[in-house]
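Worksheet: one structure, shown below.
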Amino acid sequence: MNEALRLECPHCGETFLLAFDTSEGSAEFTVDCEVCCRPMQLSVRVDDDGQIESAEVVEE
Ligand SMILES: [Zn+2]
Numbered sequence: 771m772n773e774a775l776r777l778e779c780p781h782c783g784e785t786f787l788l789a790f791d792t793s794e795g796s797a798e799f800t801v802d803c804e805v806c807c808r809p810m811q812l813s814v815r816v817d818d819d820g821q822i823e824s825a826e827v828v829e830e
């Protein structure tokens, strides 16, 4: 199931939404900011019910 993550870019400070498929479970991956196009590392945790527990930007 797709959920919308609300993320704050560590580079430009803008917030944007990212679709995340919770059926894949917890994940760490890199996305590009939709505003400034710079990459950021994300850590998303999904609980046993398929709900997003936390989504945070791990700045590198
Ligand atoms: Zn940005």
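Numbering-wise, the working numbering comes out as the position in the sequence shown, counting from 1, plus 770.
Don't be surprised by glycine CBs; every beta carbon is placed ideally from N, CA and C.
In this text, all values refer to a predicted model and were calculated from it rather than measured experimentally.
>> Just to check my reading of the structure: residue 816 and residue 796 have Cβ atoms closer than 8 Å, yes? What is that Cβ distance to the nearest angstrom?
In response: The Cβ separation is near 5 Å, so the contact holds.
>> Give me the residue from 805, 829, 814, 806 with the minimum Cα distance to residue 774.
In response: When the alpha-carbon of residue 774 is set against those of 805, 829, 814, 806, the nearest one is in 814.
> What residues in its chain sit with their C-beta under 6 Å from that of residue 825, if we drop five residues either side in the sequence?
Replying inline: The residues are 775, 814.
>> For residue 781 and residue 818, I'd like the C-alpha separation in whole angstroms.
In response: Rounded to the nearest whole angstrom, the CA to CA distance from residue 781 to residue 818 is 32 Å.
> Using the beta-carbon count (16 or more within 10 Å), is residue 771 buried or exposed?
Replying inline: With fewer than 16 neighbouring CB atoms inside 10 Å of its own CB, residue 771 falls in the exposed class.
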